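Visitor: Pasting a structure below so you can have a look.
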Amino acid sequence: MADCCCNGKQTANLIYACSGAANTGLLADQVARKLAREGTGKMTCLAAVGAGLSGFLESARAASANLVVDGCPVSCGKKIFENQGLPFRHFVMTEYGAEKGKTPITEELIGSVSGALKAQQSCGC
Amino acid sequence: MKVQILGTGCAKCQKLEENTKAAVQALGLPAAVEKVTDIDQIMNMGVMFTPALAVDGVVKSSGKVLSKEQVTELLKGAK
């Protein structure tokens, strides 16, 4: 939901997931949703950024950080942000113990990966 | 030309509307300045941070209170 500038609680991070077809895309999606639920930022549509829709592009420019969560090293999300010339921080699920096409996506894995991303996000590394 | 101010009605949204109307007037544009307060419509335009400014349906700015001068420059480019 769009934050009004006057509500005193604007979250300036935006979160995007590749939500690709593989298990790693599912993990990216679920991790992004968990991060959004837990207040790290607001989830918004990577596809809309790829499509060049103006509102999404301007929102990405206004965000204090764009967190792009890709499932695998193909890194479609990263390429979308590069193509649009937008700043972003990048996370790839295969770097967090998920093997493409093999690892079952469990609640435990979603929790541990989202925890790791949150820790990285908060310390700025 | 259609100019839209997207926001739910806070002070910053009102300031952007004021600055935009002043810019439109200064440029002598035949533009209608429309205020969009419906959150669904704002979200459908992909705006995550208000206030936002759109010209002819294209969002030009989000999450900023542009000054009259900034809006003027933006509208000149959109003419």
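Protein sequences appear in the order of chains A and B. Here our numbering is used: position 74 in the first sequence is 74, and no number is missing along the way. Our numbering runs 1000 ahead of the 1-based position in the second sequence. Positions of the beta carbon are idealized from the N, C-alpha and C atoms, including for glycine. Bear in mind that the values here come from a model prediction, so they are computed numbers and not experimental data.
1) Report all residues from its chain with a CB closer than 8 angstroms to the CB of residue 13 (chain A); omit the five preceding and five following residues, and keep chain order.
2) Can you list the residues of chain B that residue 53 (chain A) reaches, using a CB-CB cut of under 9 angstroms?
3) Given a cut-off of 8 angstroms on the beta-carbon distance, is the pair residue 1059 (chain B) and residue 55 (chain A) in contact?
4) Counting only beta-carbon separations shorter than 8 angstroms, does residue 88 (chain A) have a partner in chain B?
5) Checking 8 angstroms against the spacing of the C-beta atoms, do residue 1049 (chain B) and residue 1028 (chain B) come in under that value?
6) Short of 8 angstroms in beta carbon distance, which residues of its chain neighbour residue 59 (chain A), apart from the five on each side in sequence? Order them along the chain.
7) With distance defined between alpha-carbon atoms, name the residue in A:32, A:17, A:19, A:23 nearest to residue 105 (chain A).
8) Write down every uninterrupted run of the alpha helix (DSSP H) in the segment 1006 to 1034 of chain B whose length is 4 residues or greater and which is fully enclosed by it, in chain order.
9) Check the DSSP bridge columns for residue 47 (chain A) and list the partner residues they point to.
10) Return no unless some Cβ of chain A is closer than 8 angstroms to the Cβ of residue 1062 (chain B).
Guide: A quick look at the data gives this:
1) Along the first sequence, read from residue 1 onward, the residue named residue 13 (chain A) stands at position 13. Correct list, in chain order: 40, 41, 42, 63, 64, 65, 66, 67, 121.
2) What you label residue 53 (chain A) is simply residue 53 of the first sequence in a count that begins at 1. Result: 1045, 1046, 1059.
3) Residue mapping note: residue 1059 (chain B) aligns to position 59 of the second sequence, counting from 1. Residue mapping note: residue 55 (chain A) aligns to position 55 of the first sequence, counting from 1. Yes.
4) As a first step, residue 88 (chain A) is located in the first sequence; it is residue number 88 there, counting from the start. Residue 88 (chain A) does not count as touching chain B.
5) The residue given as residue 1049 (chain B) occupies position 49 in the second sequence. The residue given as residue 1028 (chain B) occupies position 28 in the second sequence. No, these two residues do not count as a Cβ contact at 8 angstroms.
6) Here residue 59 (chain A) refers to the residue found at position 59 when the first sequence is read from its first residue. Taken in chain order, the residues that qualify are 14, 44.
7) Locating residue 105 (chain A) in the first sequence gives position 105, where the first residue counts as 1. Ranking the options by Cα distance to residue 105 (chain A), first place goes to A:23.
8) 1011 to 1027
9) As a working note, residue 47 (chain A) is residue 47 in the first sequence. DSSP lists no partner for residue 47 (chain A).
10) One-based indexing of the second sequence puts residue 1062 (chain B) at position 62. At least one chain A Cβ lies under 8 angstroms of residue 1062 (chain B).
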